[in-house]
Amino acid sequence: MPVYFTKDFHQFFIELAANNHKDWMDENRKRYTQVVKQPFEKFIQAIQEEVSQFDEEILVKPGDAIFRINRDIRFSTDKTPYKTNRTAIISKYGRKDKIYPGFYVFVSPEKVMIGGGAYFLEKDDLFKVRQEIAYNLNEFQNLISDKAFNKHFPEILGEKNKVLPKEFKDDAVEQPLLYNKGFYYMTELSADTIFNEDVVEQLTGIMQTAKPFNDFLRRALS
């Protein structure tokens, strides 16, 4: 099994955090390409290929899944130009659609995170998901309490509304997650997980436990 990263992957970001400016990045551009950019692309491609074995929707190329290292600083008080992590969305649409339920990968010198679901839903889509939950309360409860899913994702996350549309209030007594505005899950692993020979199998195995939850959300949004 291939090892995708060297220790310099983490070291690059540790140094970038202390030198987060264009001059430093320009001086280290070749190093970035060799120890960060290309290995992460191969890593995400391998994940996509593995996930496609149990989720036929995964068709995007690595470049469509991976977020740029450049930060959007237009409306931020933090003007440092570069992220000190690498992230990707493994889904039908990749990073181009942050709403469609897929899988999220985050790698930094501090941690690895795997997650998914729907982080934020617009008003109409939120209504659809709430309606699907209300119509299928038992199915939804079985999904979120599944033993394999709970091992990695013990709770469904998301901002909450204080007030619900009246048609969901009775069902929310049984299922309080109806108050959520987003429905996503996340687990954290050691930063050194990426150096394991079986890292792709390990991470995609975790993702596979969450596919039924993603499928529920996709059905609601279809």
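To convert, take the position in the sequence shown, counting from 1, and add 237; that gives my numbering.
Glycine included, every Cβ here is placed at the ideal spot set by N, Cα and C.
N-terminal and C-terminal residue of the alpha helix (DSSP H) that residue i is part of
| i | result |
| --- | --- |
| residue 270 | No alpha helix (DSSP H) holds residue 270; DSSP gives it neither H nor E. |
| residue 263 | 259 to 264 |
| residue 410 | 403 to 411 |
| residue 364 | 360 to 372 |
Three-state class that DSSP yields for residue i in the structure shown
| i | result |
| --- | --- |
| residue 448 | helix |
| residue 288 | helix |
| residue 388 | helix |
| residue 323 | strand |
| residue 304 | coil |
| residue 438 | helix |
| residue 458 | helix |
| residue 312 | coil |
| residue 334 | coil |
| residue 329 | coil |
| residue 296 | coil |
| residue 375 | helix |
| residue 317 | coil |
Beta strand (DSSP E) segment containing residue i, residue limits
| i | result |
| --- | --- |
| residue 343 | 339 to 344 |
| residue 349 | 348 to 355 |
Residue closest to residue i, alpha-carbon to alpha-carbon, out of the options
| i | options | result |
| --- | --- | --- |
| residue 413 | 358, 349 and 394 | 394 |
| residue 389 | 430, 444, 375 and 399 | 444 |
| residue 296 | 282, 306 and 309 | 282 |
| residue 357 | 421, 407, 302 and 275 | 421 |
| residue 448 | 339, 384, 350 and 432 | 339 |
| residue 242 | 267, 397, 450 and 436 | 436 |
| residue 261 | 317, 332, 345 and 322 | 317 |
| residue 256 | 270, 301 and 320 | 320 |
| residue 251 | 269, 239 and 371 | 269 |
| residue 253 | 327, 345, 397 and 363 | 345 |
| residue 375 | 341, 442, 453 and 271 | 453 |
Buried or exposed by the 16-neighbour rule on C-beta atoms within 10 Å, applied to residue i
| i | result |
| --- | --- |
| residue 459 | exposed |
| residue 417 | buried |
| residue 351 | buried |
| residue 404 | exposed |
| residue 285 | buried |
| residue 313 | exposed |
| residue 382 | exposed |
Beta bridge counterpart(s) of residue i as assigned by DSSP
| i | result |
| --- | --- |
| residue 241 | Bridge partners of residue 241: none, in fact. |
| residue 425 | 350 |
| residue 397 | 417 |
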